[in-house]
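Just add 16 to the spot in the sequence shown (first one is 1) and you have the working numbering.
We put the CB at the ideal spot given by N, CA and C, even for glycine.
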Amino acid sequence: MTVTISGFKSISSQKPLTIDLGNINILLGANGSGKSNIISFFKMLNYMMSGNLQLFVEKAGTGQVFLYYGSKQTSLITGKMCFENETHTNDYTFKLTHASPDRLIITSEEIVWGRKERGKQTILLSSDFKESGLINNSDQTAKVIHKILSNCKVYQFHDSSAESPIRQSSRIEFSDYFQSEGNNLASFLYSLKINYSTNYQRIVSYIRQIMPQFNNFYLVPNERGYIMLKWTDKSPNDYILLPEQFSDGTIRFIALATLLLQPKKTMPDVILIDGPELGLHPFAITQLAEMIKEASKSTQIIVATQSPGLVDEFKANQITIIERDEESESTVARKLNEIELADWLGNYSLSELWDKNVLGGRP
């Protein structure tokens with residue numbers, strides 16, 4: 017899939033940003049470069065596919081924040097997703113504009129599809145301006161594209177406070193898929209334990225590697241159908257520990273392991289993670305990289321990071337440098353070329369080259 021974004025947040029309409037996505041995509045850049053804005057674009061797309069674009073705008077407080085330097089400078093947000101295989105190409109394009117009272121409306125949606133060696137057809141989607149016309153379109157190509165884009169899920173586990181979603185109890189029936197902030201972590205793990213024991217055991221084994229005293233989860237529904245993320249350690253006593261007794265880094269790692277080691281059947285088509293390295297020990301970052309590689313066999317992974325340790329676990333052609341172009345005052349992207357960097361990589365690691373500003377993407 018190739019994604020082109022224009023006019024969204026820090027991405028100028030005069031200099032659209034295009035990213036060609038492989039199975040593993042590491043977005044590397046400094047604070048303020050625009051990495052999180054790219055992730056936010058996919059989050060908006062997910063809201064659009066569920067008929068909740070206006071809710072997404074309302075949560076931000078104003079539609080102005082989505083337009084590059086506001087509606088006075090930018091009139092349109094444009095997104096284009098290109099899906100291609102050996103014989104066919106399918107393009108989905110949409111345009112959003114600012115409208116009173118301070119909201120975004122859909123002014124254009126279309127699909128262009130066909131065989132490479134033949135002519136292409138265009139489907140103009142009909143919407144009510146407020147929500148996407150992809151949702152209820154009966155065309156088979158539109159249904160396929162809607163399904164793919166609906167299954168692009170953004171995850172962030174930064175909140176690890178005592179009141180955070182990942183530490184809370186969850187109902188047993190809320191376990192069909194893993195939610196974006198880990199709200200159903202306990203019930204989803206319980207479901208994996210019951211239905212996908214191999215995946216569950218792999219999650220447990222990875223947690224033990226970064227937390228040797230961890231023994232297992234103690235997942236028992238109460239009489240009201242809720243499950244708490246209780247656990248046991250390897251001490252000889254039979255004391256049951258609570259989710260509050262996990263450190264911040266450990267609880268985040270548990271959520272990441274659950275996300276990346278779940279079975280293919282429940283896994284999203286595209287997984288986007290913003291800043292997964294937050295609070296993790298260097299060894300845990302190495303384990304995180306292993307889990308990303310494992311998950312990439314079943315899905316596409318997009319990770320926004322500024323962790324040198326994480327970058328060193330991947331190949332140069334899996335890294336996309338995200339930086340702010342001073343001339344255009346906008347976010348730009350550049351995928352690294354392993355062949356062009358061959359001489360450098362013979363003597364330095366990717367993180368060292370990033371630190372020396374050979375790769376770009378530095379403050």
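Take residue 143, set aside five residues on each side of it, and the residues of its chain with a beta-carbon closer than 8 Å to its own are 122, 125 and 149, in chain order. With respect to the C-alpha of residue 201, the residue from 44, 270 and 39 having the closest C-alpha is 270. One alpha carbon belongs to residue 151, the other to residue 26, and they sit about 28 Å apart. Runs of the beta strand (DSSP E) spanning 3 or more residues and lying entirely within the segment 32-79 occur at 33-36 and 40-44, in chain order. Taking 3 residues as the shortest admissible run, the segment 153-235 contains the following complete beta strand (DSSP E) segments, listed from N- to C-terminal end: 168-171 and 230-234. In the three-state reduction of the DSSP assignment, residue 268 falls in the helix class. Secondary structure within the segment 103-148: the beta strand (DSSP E) runs of 3 or more consecutive residues, fully enclosed, are 104-115, 119-131 and 137-140 (chain order). By DSSP's assignment, residue 97 forms a beta bridge with 19 and 108. About 16 Å separates the CB atoms of residue 343 and residue 377; that is not less than 8 Å, and the two are not in contact.
By the Cβ criterion, the segment 244-251 is not in contact with the segment 164-172, since fewer than three pairs of Cβ atoms, one from each stretch, lie closer than 8 Å. For residue 313, there is no enclosing beta strand (DSSP E), since its DSSP letter is neither H nor E.
By the CB criterion at 8 Å, residue 49 and residue 90 fall outside the cutoff.
In this structure, residue 112 places its C-beta atom within 8 Å of the C-beta atom of residue 93.
For a cut-off of 8 Å, the C-beta gap from residue 335 to residue 352 is around 5 Å, short enough to register as a contact. A direct Cα-to-Cα measurement between residue 229 and residue 17 gives close to 42 Å. Bounds of the alpha helix (DSSP H) holding residue 367 are 366-371.
8 Å or more divides the Cβ of residue 307 from the Cβ of residue 326.
Contact between the segment 193-208 and the segment 291-311 is not established, with fewer than three Cβ pairs separated by less than 8 Å. Between the segment 190-197 and the segment 295-312, the count of Cβ pairs shorter than 8 Å is below three; the stretches do not touch. According to the DSSP secondary-structure assignment, residue 260 is paired through a beta bridge with no residue. Assigned with DSSP and collapsed to three states, residue 374 falls in coil, not helix or strand.
Distances from the alpha-carbon of residue 355 to those of 333, 216 and 295 put 333 closest. Residue 321 carries a strand assignment under DSSP once its states are collapsed to helix, strand and coil. Rounded to the nearest whole angstrom, the CA to CA distance from residue 154 to residue 183 is 41 Å. With a contact defined as Cβ atoms closer than 8 Å, residue 107 and residue 139 miss out at about 10 Å.
The C-alpha of residue 65 is placed about 20 Å away from the C-alpha of residue 52.
Your pair residue 226 and residue 300 checks out as a contact, with CB atoms roughly 4 Å apart and the cut at 8 Å. Counting along the chain, residue 352 sits inside no alpha helix (DSSP H), nor does DSSP assign it H or E at all.
One alpha carbon belongs to residue 280, the other to residue 359, and they sit about 38 Å apart.
Under the DSSP definition of a beta bridge, residue 338 partners with 349.
Shown here for residue 181: same chain residues with a beta carbon closer than 6 Å to its own, the five before and five after excluded, namely 197, 198 and 199 in chain order. Residue nearest to residue 99 within the set 374, 157 and 373 is 157 (criterion: CA-CA distance).
In the DSSP secondary-structure assignment, residue 242 is bridged to 187.
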